[in-house]
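One point on numbering: in the numbering used here, the residue at position 78 of the sequence shown is 189, and numbering is uninterrupted.
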Amino acid sequence: MEQAPMLFIPGPTYVPEEIARAQARPMIGHRSREFTALFERILPRLQAIFRTRGRVFFIAASGTGLWEAAVRNLVRRKVLCLINGAFGERWYQVALANGKEAVPVSIEWGRGIRPEQVVAALEDHPDVEAITLVHNETSTGVMNPLREIAGAVRQTFPEVLILVDAVSSLGGAPLETDAWGLDFVLTSSQKCLALPPGLAFCAVSERALEKAKEVPHRGYYFDLLTLARYADRGETPATPAISLLYAADLQFARILEEGLEARWERHRRMAERVQTWARERLGLFAEEGYRSWTLTCVANTRGIDVGALNEFLRARGKVISSGYGPLKGKTFRIAHMGEIQPHHIEELLADIEEWLAAHR
Ligand SMILES: *Cc1c(COP(=O)(O)O)cnc(C)c1O
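Laid out in C-alpha cells, this is it:
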C-alpha cells in the first residue's frame with residue numbers, strides 16, 4: 112500500500128496509528144453492559160474537553176449534522192447568523208433549509224467579528240431567539256473572540272441562545288462552555304480531536320434543553336430530547352458508530368493525559384511559529400489580533416503556484432491545503448491541529464523553504 116502523506120490540511124487530520132487501530136476491536140451489542148461501560152467512560156471525558164458539567168452528546172454524523180440539530184431544536188422561528196467565512200455562510204444556509212427565518216450578518220472575510228457588531232445586530236432584531244457563530248473560520252484562518260462576543264450577548268440580550276460551531280477549535284484553543292455561558296457547542300471528530308471522520312459531538316446547556324421542549328418539529332434523528340432520554344440509561348436511540356467510539360475512548364484519554372491547557376498551548380506555539388514564518392515570507396490573510404491557533408491562512412502575495420508546491424510536498428510525504436472556494440489561488444492553508452507536533456511543522460516549513468528557494 113502507498114504510504115499516506117502527513118496531513119497539514121484542516122480535516123481530516125492526522126490520526127495516530129494506535130488510535131486508528133483501536134477501531135479494529137471486536138464488535139459489541141449497543142444494548143449491552145459493555146456498551147454502557149464505553150458510553151460512561153466517554154461522557155465525562157467529553158465533558159472535560161467541552162469544559163462543561165452539563166449535557167454532552169455524540170452521534171454518528173459529521174459536524175454538519177449538528178448544525179441542523181442546533182437550529183432544528185433550539186429555534187422556533189428566528190435566528191441571527193453571523194457570517195465571516197464559508198462555514199458561517201453554510202450554517203446560515205442550513206437554517207434556511209430548515210425553514211427558519213434566518214437573518215444574515217455579513218462581515219468581511221478575513222476580519223474578526225466584534226462584540227459590538229453582534230450587539231448592534233441584535234438591537235436591530237430584538238426578536239431573535241438565538242445566534243449562530245463559528246468560533247474558528249477554517250476558510251479564512253480567523254478565530255472570532257468567542258468569549259467576548261458571548262459575554263456581550265449574555266449581558267445585553269440574556270434570553271438569546273448562543274450556538275457555536277467549534278469544529279476546528281475544540282481541543283486546539285481555549286473554549287469554556289459553562290464559564291462563557293454557551294448554549295450549544297458542536298464539533299466534528301476529524302479536526303482538532305484527531306479522530307477519523309464520522310462522529311459529531313456537542314454540549315448543550317440546561318436552558319437550551321428547556322427551550323427544545325417548546326420547539327415543534329425537531330425532527331427525529333437529531334432530537335436532543337430523545338438523545339437525552341436514552342443517555343440517561345447509557346444508550347443511544349439508534350445504532351452508534353461503535354468502532355469510532357473505541358477510537359474516541361482512547362483518544363479522549365490521550366487528550367486529557369496531555370492536558371487540555373497544554374494542548375491549547377501546543378497549538379498556540381505552532382500557530383505562532385507558522386504565522387511568524389508566513390509573515391516574513393508571504394503574508395497573512397486574517398487580520399492581526401484575530402488569527403487562529405489551529406490553522407494559518409497564508410496570503411499568496413508572490414503568486415506562487417500552490418498546486419506545484421503541493422506536488423513537491425507530496426513527494427516528501429506531506430500535503431497542505433489550497434485556499435477555500437473564492438480564496439483559491441489567493442491563499443493557501445496550513446493546518447497545525449490535532450496530533451500535529453512542533454517537529455512536524457519544522458519539517459514542513461523546511462520543505463516549503465526549499466521549494467521557495469528554487470522558485471524565486
Ligand atoms: C470542517 C468544518 C465544518 C464541517 O464539518 P463536517 O464535519 O465536514 O460536517 C463546519 N465548520 C467548520 C468551522 C469546519 O472547519
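Yeah, the Cβ is synthetic: ideal placement off N, Cα and C, and Gly gets one too.
On a predicted model such as this, the values are computed, not experimentally measured, just so you know.
Exposed or buried, what is residue i when buried is set at 16 or more other beta-carbons lying within 10 Å of its beta-carbon?
{"i": "His246", "result": "buried"}
{"i": "Gly199", "result": "buried"}
{"i": "Lys324", "result": "exposed"}
{"i": "Leu336", "result": "exposed"}
{"i": "His470", "result": "exposed"}
{"i": "Tyr331", "result": "exposed"}
{"i": "Gly174", "result": "buried"}
{"i": "Ala148", "result": "exposed"}
{"i": "Asp294", "result": "buried"}
{"i": "Ala135", "result": "exposed"}
{"i": "Ala382", "result": "buried"}
{"i": "Ala172", "result": "buried"}
{"i": "Ser250", "result": "buried"}
{"i": "Ser403", "result": "buried"}
{"i": "Met138", "result": "exposed"}
{"i": "Arg188", "result": "exposed"}
{"i": "Ala231", "result": "exposed"}
{"i": "Arg144", "result": "exposed"}
{"i": "Arg377", "result": "buried"}
{"i": "Glu66", "result": "Nothing about residue 66 can be reported from this structure: the residues present for the chain run from 112 to 471 only."}
{"i": "Gln114", "result": "exposed"}
{"i": "Ala473", "result": "Since the displayed the chain opens at 112 and closes at 471, residue 473 lies outside it and no answer follows."}
Quick check on this structure: which residue in the options has the alpha carbon closest to the alpha carbon of residue i?
{"i": "Phe268", "options": "Glu234, Leu297, Asp294, Thr288", "result": "Glu234"}
{"i": "Ile153", "options": "Trp404, Glu346, Val326, His378", "result": "Glu346"}
{"i": "Ser279", "options": "Leu367, Ser299, Gln158, Thr288", "result": "Ser299"}
{"i": "Ala389", "options": "Cys408, Glu376, Arg329, Trp375", "result": "Cys408"}
{"i": "Ala419", "options": "Ile260, Trp466, Pro285", "result": "Trp466"}
{"i": "Pro437", "options": "Arg183, Glu219, Glu128", "result": "Glu219"}
{"i": "Gly196", "options": "Asp343, Arg222, Lys439", "result": "Arg222"}
{"i": "Trp291", "options": "Val315, Leu257, Trp404, Arg318", "result": "Leu257"}
{"i": "Pro348", "options": "His141, Pro123, Ala135, Ala468", "result": "His141"}
{"i": "Lys322", "options": "Ala352, Val271, Tyr357, Glu287", "result": "Val271"}
{"i": "Gly210", "options": "Arg201, His236, Val182, Ile194", "result": "Val182"}
{"i": "Leu338", "options": "Asn184, Ala115, Leu118", "result": "Asn184"}
{"i": "Glu391", "options": "Ala159, Ile160, Ser403, Ala410", "result": "Ala410"}
{"i": "Glu457", "options": "Cys313, Glu369, Thr387, Ala232", "result": "Thr387"}
{"i": "Ser433", "options": "Ile415, Pro155, His236", "result": "Ile415"}
{"i": "Ser217", "options": "Glu317, Leu460, Leu193", "result": "Leu193"}
{"i": "Glu464", "options": "Gly449, Pro215, Asn421, His447", "result": "Asn421"}
{"i": "Phe363", "options": "Phe119, Glu145, Phe150, Ser143", "result": "Phe150"}
{"i": "His447", "options": "Glu212, Trp375, Gln266", "result": "Trp375"}
{"i": "Phe146", "options": "Ala277, Val326, Val264, Arg344", "result": "Arg344"}
{"i": "Phe423", "options": "Glu399, Asp360, Ala277, Ala468", "result": "Ala468"}
With respect to the alpha helix (DSSP H) encompassing residue i, which residues constitute its N-terminal and C-terminal limits?
{"i": "Arg379", "result": "371-392"}
{"i": "Glu129", "result": "128-133"}
{"i": "Thr175", "result": "174-185"}
{"i": "Ile160", "result": "144-161"}
{"i": "Ile260", "result": "257-267"}
{"i": "Val230", "result": "226-235"}
{"i": "Leu336", "result": "335-342"}
{"i": "Leu424", "result": "417-426"}
Round the Cβ separation of residue i and residue j to the nearest angstrom and send it over; I've been treating them as touching at under 8 angstroms.
{"i": "Val253", "j": "Tyr401", "result": "5 angstroms"}
{"i": "Val275", "j": "Leu244", "result": "6 angstroms"}
{"i": "Leu355", "j": "Ile130", "result": "About 10 angstroms; that fails the 8 angstroms criterion."}
{"i": "Val239", "j": "Leu207", "result": "No, Val239 and Leu207 are not in contact; Cβ-Cβ is about 14 angstroms, not under 8 angstroms."}
{"i": "Pro121", "j": "Leu310", "result": "Contact doesn't hold; Cβ gap of about 17 angstroms is too wide."}
{"i": "Thr412", "j": "Gly440", "result": "No, Thr412 and Gly440 are not in contact; Cβ-Cβ is about 12 angstroms, not under 8 angstroms."}
{"i": "Gly283", "j": "Ile366", "result": "Actually they are not in contact, since the Cβ atoms of Gly283 and Ile366 sit about 10 angstroms apart, beyond 8 angstroms."}
{"i": "Phe443", "j": "Ile451", "result": "In fact, because the Cβ distance is near 16 angstroms, the residues do not count as touching under 8 angstroms."}
{"i": "Val315", "j": "Ala241", "result": "The Cβ separation is near 12 angstroms, so there is no contact."}
{"i": "Pro285", "j": "Arg384", "result": "Rounded, the Cβ-Cβ distance is 19 angstroms, inconsistent with contact."}
{"i": "Ala342", "j": "Phe168", "result": "7 angstroms"}
{"i": "Leu371", "j": "Ala133", "result": "Between Ala133 and Leu371 the Cβ distance is about 21 angstroms, and since that is not below 8 angstroms, they are no contact."}
{"i": "Thr163", "j": "Asp289", "result": "5 angstroms"}
{"i": "Pro116", "j": "Gly428", "result": "5 angstroms"}
{"i": "Phe333", "j": "Gly165", "result": "In fact, because the Cβ distance is near 18 angstroms, the residues do not count as touching under 8 angstroms."}
{"i": "Trp178", "j": "Val214", "result": "In fact, because the Cβ distance is near 16 angstroms, the residues do not count as touching under 8 angstroms."}
Identify the continuous beta strand (DSSP E) that holds residue i and give its terminal residues.
{"i": "Arg510", "result": "For the chain, the structure presents residues 112 to 471; residue 510 sits outside this window and is missing."}
{"i": "Asp462", "result": "Here Asp462 belongs to no beta strand (DSSP E); instead the alpha helix (DSSP H) covers 453-469."}
{"i": "Glu212", "result": "212-217"}
{"i": "Asp276", "result": "272-276"}
{"i": "Lys322", "result": "No beta strand (DSSP E) contains Lys322, which is instead part of the alpha helix (DSSP H) from 317-323."}
{"i": "Leu207", "result": "Element bounds for Leu207: not the beta strand (DSSP E) but the alpha helix (DSSP H), 197-208."}
{"i": "Phe443", "result": "442-446"}
{"i": "Ile242", "result": "241-245"}
{"i": "Val296", "result": "295-299"}
{"i": "Leu286", "result": "Neither: Leu286 is in no beta strand (DSSP E) and is coded neither H nor E."}
{"i": "Thr407", "result": "406-410"}
Would you say the beta carbon of residue i is closer than 7 angstroms to some non-hydrogen atom of ligand 3?
{"i": "Val239", "result": "No copy of ligand 3 appears in this structure; the ligands present are ligand 1."}
Give a yes or no on whether the minimum CB-CB distance between residue i and chain B is below 8 angstroms.
{"i": "Leu297", "result": "Annotation note: the requested chain B is absent from the structure, which comprises a single protein chain."}
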